[in-house]
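Here the structure is laid out as C-alpha coordinates; the discussion comes afterwards.
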Amino acid sequence: MQAKAERQHRWEIEAALHPIDQEEKQRLYDAKMVVKKQQQAQLEERLNMAMAIGLRVVVDLDFLNVQTIRQIATIYGTMKKSSFSNLLSLHLASYGGDVATFCDQKGAQSWKVTRHDQPVHDLFPNDNVVFLSPDAPTALTAVDPDTVYVVGGIVDRTVRKSQSLAKAHGWAIRTARLPVQEHLRVKSHVLNIDTVVLALLEVHNHGDWKRAFESVLPKRLLRPDESQ
1 MQAKAERQHR WEIEAALHPI DQEEKQRLYD AKMVVKKQQQ AQLEERLNMA
51 MAIGLRVVVD LDFLNVQTIR QIATIYGTMK KSSFSNLLSL HLASYGGDVA
101 TFCDQKGAQS WKVTRHDQPV HDLFPNDNVV FLSPDAPTAL TAVDPDTVYV
151 VGGIVDRTVR KSQSLAKAHG WAIRTARLPV QEHLRVKSHV LNIDTVVLAL
201 LEVHNHGDWK RAFESVLPKR LLRPDESQ
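Every letter in the sequence shown is one number past the one before it in the UniProt record's numbering, and letter 203, counting from 1, is 203.
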(Lines of atoms letter the chains of each structure in order from A and count residues from 1; the text may use other names and numbers.)
(Lines give C-alpha, C1' and ligand atoms only; values in the text may rest on other atoms or scores of the structure.)
Protein backbone atom coordinates (compact mmCIF):
# COMPACT_ATOMS: atom_id res chain seq x y z
CA MET A 1 0.00 0.00 0.00
CA GLN A 2 2.85 2.38 0.85
CA ALA A 3 4.56 1.75 -2.50
CA LYS A 4 1.29 2.38 -4.35
CA ALA A 5 0.80 5.64 -2.44
CA GLU A 6 4.34 6.71 -3.29
CA ARG A 7 3.78 5.99 -7.00
CA GLN A 8 0.55 7.99 -6.92
CA HIS A 9 2.34 10.88 -5.21
CA ARG A 10 5.11 10.88 -7.82
CA TRP A 11 2.50 10.81 -10.60
CA GLU A 12 0.70 13.81 -9.08
CA ILE A 13 3.98 15.74 -8.90
CA GLU A 14 4.77 14.87 -12.53
CA ALA A 15 1.26 15.87 -13.57
CA ALA A 16 1.65 19.24 -11.86
CA LEU A 17 5.06 19.92 -13.42
CA HIS A 18 4.30 18.50 -16.89
CA PRO A 19 0.52 18.51 -17.38
CA ILE A 20 0.66 18.01 -21.15
CA ASP A 21 3.04 15.05 -20.93
CA GLN A 22 0.86 13.37 -18.35
CA GLU A 23 -2.28 13.93 -20.40
CA GLU A 24 -0.56 12.35 -23.42
CA LYS A 25 0.61 9.40 -21.34
CA GLN A 26 -2.93 8.90 -20.05
CA ARG A 27 -4.32 9.08 -23.58
CA LEU A 28 -1.85 6.48 -24.82
CA TYR A 29 -2.57 4.25 -21.83
CA ASP A 30 -6.33 4.48 -22.38
CA ALA A 31 -5.89 3.64 -26.07
CA LYS A 32 -3.71 0.66 -25.17
CA MET A 33 -6.35 -0.63 -22.74
CA VAL A 34 -9.08 -0.32 -25.39
CA VAL A 35 -7.00 -2.43 -27.79
CA LYS A 36 -6.27 -4.98 -25.06
CA LYS A 37 -9.98 -5.33 -24.22
CA GLN A 38 -10.82 -5.76 -27.90
CA GLN A 39 -8.17 -8.47 -28.28
CA GLN A 40 -9.46 -10.26 -25.18
CA ALA A 41 -13.03 -10.13 -26.50
CA GLN A 42 -11.88 -11.55 -29.85
CA LEU A 43 -9.99 -14.35 -28.08
CA GLU A 44 -13.05 -15.18 -25.97
CA GLU A 45 -15.14 -15.36 -29.14
CA ARG A 46 -12.61 -17.66 -30.85
CA LEU A 47 -12.42 -19.99 -27.85
CA ASN A 48 -16.20 -20.11 -27.49
CA MET A 49 -16.53 -20.88 -31.19
CA ALA A 50 -13.95 -23.65 -30.88
CA MET A 51 -15.84 -25.18 -27.96
CA ALA A 52 -19.01 -25.22 -30.06
CA ILE A 53 -17.80 -26.40 -33.47
CA GLY A 54 -14.07 -27.18 -33.30
CA LEU A 55 -12.39 -30.53 -33.86
CA ARG A 56 -13.20 -32.52 -30.71
CA VAL A 57 -10.21 -33.80 -28.77
CA VAL A 58 -10.79 -35.56 -25.45
CA VAL A 59 -8.19 -36.05 -22.73
CA ASP A 60 -9.02 -39.13 -20.67
CA LEU A 61 -8.35 -38.14 -17.06
CA ASP A 62 -8.46 -41.74 -15.84
CA PHE A 63 -4.69 -41.54 -16.33
CA LEU A 64 -4.37 -38.24 -14.47
CA ASN A 65 -1.22 -37.15 -12.68
CA VAL A 66 0.37 -33.77 -12.02
CA GLN A 67 2.28 -33.84 -15.31
CA THR A 68 -0.96 -34.45 -17.20
CA ILE A 69 -2.65 -31.29 -15.98
CA ARG A 70 0.49 -29.25 -16.65
CA GLN A 71 0.52 -30.47 -20.22
CA ILE A 72 -3.18 -29.71 -20.69
CA ALA A 73 -2.38 -26.20 -19.45
CA THR A 74 0.37 -26.02 -22.09
CA ILE A 75 -2.12 -27.04 -24.79
CA TYR A 76 -4.65 -24.45 -23.67
CA GLY A 77 -2.03 -21.71 -23.42
CA THR A 78 -0.73 -22.50 -26.91
CA MET A 79 -4.24 -22.41 -28.35
CA LYS A 80 -4.85 -18.98 -26.82
CA LYS A 81 -1.75 -17.64 -28.58
CA SER A 82 -2.29 -19.53 -31.83
CA SER A 83 -2.89 -17.71 -35.10
CA PHE A 84 -4.54 -20.78 -36.65
CA SER A 85 -8.08 -20.23 -37.92
CA ASN A 86 -9.38 -23.54 -36.56
CA LEU A 87 -8.87 -24.14 -32.85
CA LEU A 88 -9.76 -27.35 -31.03
CA SER A 89 -12.78 -28.17 -28.93
CA LEU A 90 -11.06 -29.61 -25.85
CA HIS A 91 -12.95 -32.05 -23.62
CA LEU A 92 -11.87 -33.49 -20.27
CA ALA A 93 -13.42 -36.90 -19.52
CA SER A 94 -13.81 -38.44 -16.04
CA TYR A 95 -13.73 -34.92 -14.59
CA GLY A 96 -15.30 -35.54 -11.22
CA GLY A 97 -14.59 -36.09 -7.54
CA ASP A 98 -10.94 -35.84 -6.52
CA VAL A 99 -9.89 -35.43 -10.16
CA ALA A 100 -12.06 -32.33 -10.58
CA THR A 101 -10.84 -30.91 -7.26
CA PHE A 102 -7.22 -31.45 -8.25
CA CYS A 103 -7.71 -29.89 -11.70
CA ASP A 104 -9.61 -26.90 -10.30
CA GLN A 105 -6.80 -26.26 -7.83
CA LYS A 106 -4.45 -26.06 -10.82
CA GLY A 107 -6.62 -23.45 -12.54
CA ALA A 108 -8.62 -25.63 -14.91
CA GLN A 109 -11.94 -24.14 -13.79
CA SER A 110 -11.19 -20.99 -15.81
CA TRP A 111 -10.41 -22.79 -19.08
CA LYS A 112 -12.70 -22.69 -22.10
CA VAL A 113 -13.03 -26.48 -22.26
CA THR A 114 -15.90 -28.93 -21.85
CA ARG A 115 -15.79 -31.01 -18.67
CA HIS A 116 -17.54 -34.36 -18.33
CA ASP A 117 -18.10 -36.41 -15.18
CA GLN A 118 -18.53 -39.51 -17.33
CA PRO A 119 -15.75 -41.69 -18.74
CA VAL A 120 -14.95 -41.52 -22.45
CA HIS A 121 -17.00 -44.55 -23.53
CA ASP A 122 -20.20 -42.99 -22.12
CA LEU A 123 -19.82 -39.67 -23.96
CA PHE A 124 -19.90 -40.42 -27.68
CA PRO A 125 -21.01 -43.26 -29.97
CA ASN A 126 -18.08 -45.65 -30.47
CA ASP A 127 -18.31 -45.31 -34.25
CA ASN A 128 -17.40 -41.62 -33.94
CA VAL A 129 -14.37 -42.13 -31.69
CA VAL A 130 -10.70 -42.90 -32.32
CA PHE A 131 -8.46 -43.56 -29.32
CA LEU A 132 -4.91 -42.43 -30.09
CA SER A 133 -2.31 -44.88 -28.81
CA PRO A 134 1.40 -45.16 -29.70
CA ASP A 135 0.94 -48.96 -29.78
CA ALA A 136 -1.92 -49.00 -32.29
CA PRO A 137 -1.09 -50.92 -35.49
CA THR A 138 -2.82 -48.40 -37.78
CA ALA A 139 -1.40 -44.95 -38.50
CA LEU A 140 -3.72 -41.95 -38.65
CA THR A 141 -3.46 -40.59 -42.18
CA ALA A 142 -5.82 -37.61 -41.96
CA VAL A 143 -7.83 -35.68 -39.41
CA ASP A 144 -11.60 -36.02 -39.81
CA PRO A 145 -13.63 -33.09 -38.41
CA ASP A 146 -16.53 -35.44 -37.60
CA THR A 147 -14.38 -37.80 -35.52
CA VAL A 148 -13.71 -37.48 -31.79
CA TYR A 149 -10.05 -38.08 -30.95
CA VAL A 150 -9.21 -39.38 -27.49
CA VAL A 151 -5.81 -39.01 -25.85
CA GLY A 152 -4.98 -40.92 -22.70
CA GLY A 153 -3.53 -38.59 -20.09
CA ILE A 154 -0.26 -40.49 -19.92
CA VAL A 155 3.09 -38.71 -20.07
CA ASP A 156 5.99 -40.43 -21.75
CA ARG A 157 7.97 -40.72 -18.51
CA THR A 158 5.36 -42.98 -16.94
CA VAL A 159 3.96 -44.87 -19.93
CA ARG A 160 3.09 -48.52 -19.55
CA LYS A 161 3.24 -50.35 -22.84
CA SER A 162 -0.15 -50.83 -24.54
CA GLN A 163 -2.07 -49.34 -21.59
CA SER A 164 -4.19 -46.99 -23.71
CA LEU A 165 -4.52 -49.61 -26.46
CA ALA A 166 -5.87 -52.20 -24.03
CA LYS A 167 -8.33 -49.70 -22.60
CA ALA A 168 -9.66 -48.78 -26.05
CA HIS A 169 -10.02 -52.44 -27.02
CA GLY A 170 -11.94 -53.08 -23.81
CA TRP A 171 -14.43 -50.42 -24.86
CA ALA A 172 -14.51 -51.62 -28.50
CA ILE A 173 -13.22 -48.23 -29.68
CA ARG A 174 -11.11 -47.84 -32.83
CA THR A 175 -7.45 -47.01 -32.31
CA ALA A 176 -4.76 -45.25 -34.31
CA ARG A 177 -1.30 -43.86 -33.77
CA LEU A 178 0.15 -40.62 -35.05
CA PRO A 179 2.30 -41.33 -38.16
CA VAL A 180 5.53 -40.14 -36.59
CA GLN A 181 7.78 -42.88 -38.00
CA GLU A 182 6.38 -42.34 -41.47
CA HIS A 183 7.61 -38.74 -41.54
CA LEU A 184 10.62 -38.41 -39.20
CA ARG A 185 13.40 -40.57 -37.77
CA VAL A 186 12.74 -40.53 -34.03
CA LYS A 187 14.16 -42.23 -30.96
CA SER A 188 10.68 -42.92 -29.61
CA HIS A 189 7.17 -42.69 -31.03
CA VAL A 190 5.67 -42.37 -27.54
CA LEU A 191 4.68 -38.73 -27.13
CA ASN A 192 3.47 -36.49 -24.34
CA ILE A 193 -0.18 -35.54 -24.55
CA ASP A 194 0.59 -31.89 -25.31
CA THR A 195 2.71 -32.97 -28.30
CA VAL A 196 -0.08 -35.24 -29.58
CA VAL A 197 -2.81 -32.63 -29.24
CA LEU A 198 -0.75 -29.79 -30.70
CA ALA A 199 0.15 -32.01 -33.67
CA LEU A 200 -3.59 -32.52 -34.23
CA LEU A 201 -4.10 -28.75 -34.04
CA GLU A 202 -1.42 -28.22 -36.68
CA VAL A 203 -2.66 -30.91 -39.08
CA HIS A 204 -6.27 -29.80 -38.65
CA ASN A 205 -5.21 -26.40 -40.01
CA HIS A 206 -2.67 -27.20 -42.74
CA GLY A 207 -2.84 -30.96 -43.33
CA ASP A 208 0.94 -31.54 -43.34
CA TRP A 209 2.07 -34.18 -40.83
CA LYS A 210 5.81 -33.63 -41.38
CA ARG A 211 5.45 -29.89 -40.86
CA ALA A 212 3.37 -30.54 -37.74
CA PHE A 213 5.90 -32.92 -36.20
CA GLU A 214 8.82 -30.62 -37.00
CA SER A 215 6.93 -27.86 -35.21
CA VAL A 216 5.87 -29.69 -32.03
CA LEU A 217 8.22 -32.62 -31.40
CA PRO A 218 10.88 -32.04 -28.74
CA LYS A 219 14.40 -32.07 -30.20
CA ARG A 220 15.36 -34.81 -27.73
CA LEU A 221 13.13 -37.26 -29.64
CA LEU A 222 14.78 -36.67 -33.00
CA ARG A 223 17.66 -38.79 -34.23
CA PRO A 224 20.85 -36.79 -34.94
CA ASP A 225 20.32 -36.69 -38.71
CA GLU A 226 16.82 -35.20 -38.22
CA SER A 227 17.79 -32.58 -35.64
CA GLN A 228 20.36 -30.81 -37.81
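Glycine included, C-beta positions come from ideal geometry on N, C-alpha and C.
query                                                                                                             : result
Nearest-angstrom Cα separation, counted from leucine 178 out to proline 119                                       : 23 Å
8 Å contact criterion, which aspartate 194 and isoleucine 69 should meet: CB distance rounded                     : Going by Cβ atoms, the distance from aspartate 194 to isoleucine 69 rounds to 11 Å, so no, they are not a contact pair.
Straight-line gap, threonine 78 to isoleucine 13 (C-alpha atoms, nearest Å)                                       : 43 Å
Nearest neighbour of aspartate 127, chosen from Tyr149, Gln109, Lys219 and Ala50 [CA to CA]                       : Tyr149
Classification of asparagine 192 by the beta-carbon crowding that lies within 10 angstroms, buried from 16 upward : buried
Minimum length 4: unbroken alpha helix (DSSP H) runs contained in the stretch 91–136                              : 97–105
Segment limits, alpha helix (DSSP H) that includes glycine 152                                                    : That residue, glycine 152, is in no alpha helix (DSSP H); its beta strand (DSSP E) goes 148–152.
Inter-residue spacing [alpha-carbon to alpha-carbon] between valine 73 and alanine 108                            : Residue 73 is actually alanine in this sequence, not valine. Using only the alpha carbons, I get a separation of about 8 Å.
Cβ pair valine 57, valine 151 closer than 8 Å                                                                     : yes
Length of the line joining the Cα atoms of threonine 141 and phenylalanine 102                                    : 35 Å
Straight-line gap, methionine 51 to asparagine 86 (C-alpha atoms, nearest Å)                                      : 11 Å
Helix, strand or coil at arginine 27 according to DSSP, with G and I counted as helix                             : helix
Beta strand (DSSP E) runs contained entirely in the stretch 161–217, provided each spans 3 or more residues       : 174–176
Reference leucine 92, options Ser83, His121 and His169, closest by Cα                                             : His121
Limits of the unbroken alpha helix (DSSP H) element including arginine 70                                         : 66–81
Three-way DSSP call (helix, strand, coil) for aspartate 60 in this model                                          : strand
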